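In this note's numbering, the protein residues as written are 8 to 156.
From the three backbone atoms N, C-alpha and C, an ideal C-beta is built for every residue, glycine too.
Owing to the predicted nature of the structure, the values given are computational and were not obtained by experimental measurement.
Put into structure tokens, the structure is as follows:
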């Protein structure tokens, strides 16, 4: 059988690698694609990479990946005969720019805490408390979000 015929018959698997912040919209897309229950779709988002769909047409598989991308989720297409094993996905899929952004936000949060402290000692009590709380929230969120590798 020639390579052209093999390519036409090759099945393509779509794997969800990073669910991203999709939330309910991602779960609804998974329900429509897979026909599974909500609880089963939530489980798919928790154990990545997860096989989501298998199709004969690579264009169809790429269209499904594009739908995941619209929800800011990461999905990949692989030949079905080369499955993506559990745990094969890199632990941190965010680009270096995202990590740098997280670090800058932590630094800005720390600066905001200092500004809040300064306002407090200047006599602007409410502004100082609000500024320090804002800084604490920003630091807590971006430290929690920062990868631990």
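If you drop the 5 nearest sequence neighbours on each side, which residues of the same chain put their C-beta closer than 8 Å to that of residue i?
i	result
residue 79	27, 28 and 29
residue 34	45, 48, 49 and 52
residue 90	20 and 58
residue 117	142 and 146
residue 120	138, 139, 142, 143 and 146
What is the residue span of the beta strand (DSSP E) that residue i lies within?
i	result
residue 61	57-62
residue 85	81-86
residue 23	19-25
Cα separation between residue i and residue j?
i	j	result
residue 112	residue 106	10 Å
residue 134	residue 122	10 Å
residue 72	residue 136	45 Å
residue 144	residue 130	23 Å
residue 19	residue 124	57 Å
residue 9	residue 146	Below a pLDDT of 50, predicted positions are generally treated as unreliable, and residue 9, at 43, falls in that range; the measurement from the model is reported next regardless. Roughly 58 Å separates the two Cα atoms.
residue 65	residue 74	14 Å
residue 41	residue 60	7 Å
residue 69	residue 36	15 Å
residue 67	residue 43	20 Å
residue 86	residue 76	19 Å
Starting from residue i, trace the alpha helix (DSSP H) both ways and give me its first and last residue.
i	result
residue 140	132-152
residue 33	31-41
residue 76	65-77
residue 52	45-53
Apart from the five residues on each side of it in sequence, which residues of its chain come closer than 6 Å, Cβ to Cβ, to residue i?
i	result
residue 39	none
residue 56	22, 24, 91 and 96
Counting only the same chain and skipping the five closest in sequence on each side, list residues whose C-beta sits under 7 Å from that of residue i.
i	result
residue 109	149, 152 and 153
residue 132	none
Does the Cβ of residue i lie closer than 7 Å to at least one heavy atom of the ligand GDP?
i	result
residue 153	This structure simply doesn't include the ligand GDP, nor any ligand for that matter.
ask   = Using 8 Å as the Cβ pair cut-off and three pairs as the minimum, do the region 75-90 and the region 19-26 touch?
value = Counting C-beta pairs with one atom in each stretch, the region 75-90 and the region 19-26 have three or more that are closer than 8 Å, which means they touch.
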